[in-house]
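Q: Sharing a structure below in structure tokens format, with a few things to ask.
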Amino acid sequence: MDDDIDMMDVSSRSSTPEADANQPFDQDMNPTSNDSGSNNLDGSDRIMSITESASALPQEQEATQAKRRAIRALMMDRSLDERTRSMRIQQLMDGSNPDTIYNQLQQEQQNELQQQVANGEISQNNAQALQAAVATGATVPCVHYERKCNVVAPCCGKLFGCRVCHDELTNGAHGQMDRFAIREIVCKECNTRQTCSNRCINPQCGITFAEYHCHKCNLWMALANQPFHCDKCGFCRVGGQQHYRHCDQCSMCINANTFDQHNCLRDKYKNNCPVCREDMHTSRHAPQDLPCGHAIHAHCFRRLASYDYRCPVCKKTVVSHRSMAAAWAERASDIDSQPMPNDLARVVDIMCNDCEEKSKNLSWHFLGVQCPKCSSFNTVVEEVINSSTST
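With positions in the sequence shown counted from 1, the corresponding number in my numbering is that position plus 1.
Here you go:
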């Protein structure tokens, strides 16, 4: 993930995600405190613990609250005029196609220039220069990062508030913007086009574009999320460099408080999320570190946990056996109280996904077969040894 940074937080937290608009992400990456890697500044989601994830709101409620927060942020953004504010809110409310919003804004900007010429407010020469800039790309206000410059997309030459704005507004038509290939920016105050830096070269302007600027990642953002650049990760992260250490085994920044206890697995954050298949290393979304050592996006885990309590990779239980003990004891009691009828009785061999112990000659039940060693019901039938048939 790119211009922004993401943050992660796991049971044993890893570094925050990339600093791109992935929230903590125009901060390219942001470390998490647990085992999992750090977040990109692009999507600064915090890596959540298993307990936090299990108690999280349903996905629909979470999406609704996120939309409300985004609308509230737009309403409070004094840099937006009423037209662009209403367009952005319209897009959030009804899911309008970003290209439609983009084209509508571009056309309105052209019409406004023509009206200013007709009213004598600007000269024809100035209008032609401004029209050329609008044709290059109307800039929809950025809601991902606090910065006073727009970036010139290296792929299409148009102006965008940030890398994430480009990816959202073009619907992937040009692929994801390469943050490292950005060479030019445009000052929002004086419209001066210039090479990448953190101060406008126009002597009559000279504003600072952002509190934090990384010339390696071409990232501009506020200091609130404590962005920092990690050379080993290859981009910026959020959460404060003093709070994280980079793990060469996991290829991610890990919270310093849990670094010595975190679950190491080589390049586990360089894999794709097993649910959505997005690359987690550069993702703007925070990863979730599971007890088994595998990683998954925190938001994907919350969705998965609503109907399954197992890791999608190894099928191990993702919550502690102590937490599951009461549920498993209740299930065992239900099985004892309703034995299988003779015509459905089975004798089976099983393997436990949790302790990996194989057990033979156990009675099958439609509610599950309990592992004799660890009491888990997270088992699979390997072979049916004997079955009764009705006559």
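Each residue gets a CB set at the ideal place from its N, CA and C atoms; glycine is no exception.
All values derive from a computational prediction rather than experimental measurement.
Taking the beta strand (DSSP E) that Asp350 falls in, what are its first and last residues?
A: Run containing Asp350: Arg347 to Cys353, per the beta strand (DSSP E) assignment.
Q: List the DSSP bridge partners of Pro288.
A: For Pro288, which the question treats as bridged, DSSP gives the partners His298.
Q: Are at least three pairs of beta-carbons, each pair with one atom in the region 261-276 and one in the region 290-305, less than 8 angstroms apart?
A: Contact holds: three or more Cβ-Cβ distances are below 8 angstroms.
Q: Grouping DSSP H, G and I as helix and E and B as strand, with all else coil, what is Phe404?
A: Any answer about residue 404 is impossible in this case: the structure gives the chain only from 2 up to 392.
Q: Short check: CB of Asn199 to CB of Ala211, under 8 angstroms?
A: Result yes, Cβ atoms of Asn199 and Ala211 sit closer than 8 angstroms.
Q: Pull the bridge partners of Tyr213 from the DSSP assignment, please.
A: Tyr213 pairs with Met222.
Q: Could you spell out where the beta strand (DSSP E) holding Val319 opens and where it closes?
A: Unbroken run through Val319: none, as it is neither H nor E.
Q: Taking 7 angstroms as the limit between beta carbons, can you name the residues of its chain near Ile386, skipping five residues before and five after?
A: Excluding positions up to five away in sequence, the list reads Val348, Val349, Asp350 and Asn362.
Q: Out of Pro292, Arg238 and His244, which has the shortest C-alpha to C-alpha gap to Ser284?
A: Of Pro292, Arg238 and His244, the residue nearest in Cα terms is Arg238.
Q: What did DSSP end up calling Phe367 once you bin it into helix, strand or coil?
A: In the structure shown, Phe367 sits in coil (DSSP, three-state: anything other than H, G, I, E or B).
Q: My understanding is that Arg164 touches Arg180, with C-beta atoms under 8 angstroms, so please give their C-beta distance in whole angstroms.
A: With 8 angstroms as the limit, Arg164 and Arg180 qualify as a contact, their Cβ atoms being about 5 angstroms apart.
Q: Suppose you measure from the CA of Phe375 to the CA of Lys217; what does that come to, to the nearest Å?
A: In the sequence as presented, Phe is not what sits at residue 375; that position holds Cys. Going from the Cα of Cys375 to the Cα of Lys217 covers about 51 angstroms.
Q: Leaving out five residues before and five after Leu305 in sequence, what residues of the same chain have Cβ atoms less than 7 angstroms from its Cβ?
A: Here the set comprises Val276 and Pro313.
Q: Secondary structure at Gln195, three-state DSSP: helix, strand or coil?
A: Gln195 falls in the strand class under three-state DSSP.
Q: Helix, strand or coil for Asn120, going by three-state DSSP, please let me know.
A: The answer is coil: DSSP assigns Asn120 none of H, G, I, E or B.
Q: State the Cα-Cα distance for the pair Glu147 and Gln243, rounded to the nearest angstrom.
A: About 23 angstroms.
Q: Within the same chain, show all residues whose beta-carbon is closer than 7 angstroms to that of Leu224, passing over the 5 residues directly before and after it, in chain order.
A: Once the five neighbours on either side are set aside, the close Cβ partners of Leu224 are Glu212 and Tyr213.
Q: Give every residue of the same chain whose Cβ lies closer than 6 angstroms to the Cβ of His322, excluding the five residues on either side of it in the sequence, and list them in chain order.
A: For His322, where only same-chain residues beyond five positions count, there are no Cβ hits under 6 angstroms.
Q: Can you give the Cα-Cα distance for Gln250 and Pro155, rounded to whole angstroms?
A: The straight-line gap from Cα to Cα measures roughly 33 angstroms.
Q: Can you look up Lys233 in the DSSP assignment and give me helix, strand or coil?
A: Residue state, collapsed to three classes: coil.
Q: Beta strand (DSSP E) containing Cys156: first to last residue?
A: Cys156 -> no beta strand (DSSP E), and no H or E assigned at all.
Q: What first and last residue would you give for the beta strand (DSSP E) that runs through His247?
A: Note, His247: beta strand (DSSP E), Tyr245 to Cys248.
Q: By Cβ distance below 6 angstroms, which residues in the same chain neighbour Leu396 in space, the five residues on each side in sequence not counted?
A: Here the chain has residues from 2 to 392 only, and residue 396 is not among them.
Q: Go ahead and label Gly38 buried or exposed: buried means 16 or more other beta carbons lie within 10 angstroms of its beta carbon, across all protein chains shown.
A: Residue placement at Gly38 is poorly supported in this model, since its pLDDT is 43, which falls under 50; the coordinates still yield a value, given next. Buried, since its Cβ has 16 or more Cβ neighbours within 10 Å.
Q: When burial is assigned at 16 or more other CB atoms within 10 Å of the CB, is Ser377 buried or exposed?
A: Buried: at least 16 other Cβ atoms inside 10 Å.
Q: Spatial neighbours of Ala182 within its chain, please: C-beta separation below 6 angstroms, excluding the five flanking residues on both sides.
A: Result list for Ala182: Pro155, in chain order.
Q: Asn387 bridges to which residues according to DSSP?
A: Partner(s): Val348.
Q: Report all residues from its chain with a CB closer than 6 angstroms to the CB of Lys233; omit the five preceding and five following residues, and keep chain order.
A: Correct list, in chain order: His247.
Q: Which residue's Cα is closest to the Cα of Asn343: Ala326, Ser364, Ser334 and Pro228?
A: Measuring from the Cα of Asn343, the nearest candidate turns out to be Ser364.
Q: Just reading off the beta strand (DSSP E) that Cys254 is part of, what are its end residues?
A: Met253 to Asn256 is the extent of the beta strand (DSSP E) around Cys254.
Q: Given a threshold of 16 other Cβ atoms within 10 Å of its Cβ, counted over all protein chains shown, does Glu384 qualify as buried or as exposed?
A: Glu384 should be labelled exposed.
Q: In chain order, what residues of the same chain lie with their CB nearer than 7 angstroms to the CB of Cys265, ignoring the 5 residues before and after it?
A: Within the same chain, Cys265 has close Cβ partners Cys248, Gln250 and Cys251.
Q: Take Val381 and list the residues in its own chain whose beta-carbon comes closer than 6 angstroms to its own, dropping the five residues that flank it on each side.
A: Met352.
Q: With 16 as the cutoff for other CB atoms within 10 Å, does Glu169 come out buried or exposed?
A: With 16 or more other Cβ atoms within 10 Å, it is buried.
Q: In angstroms with no decimal places, state the Cα-to-Cα distance between Phe260 and Asn379.
A: Cα to Cα, the separation comes out at about 30 angstroms.
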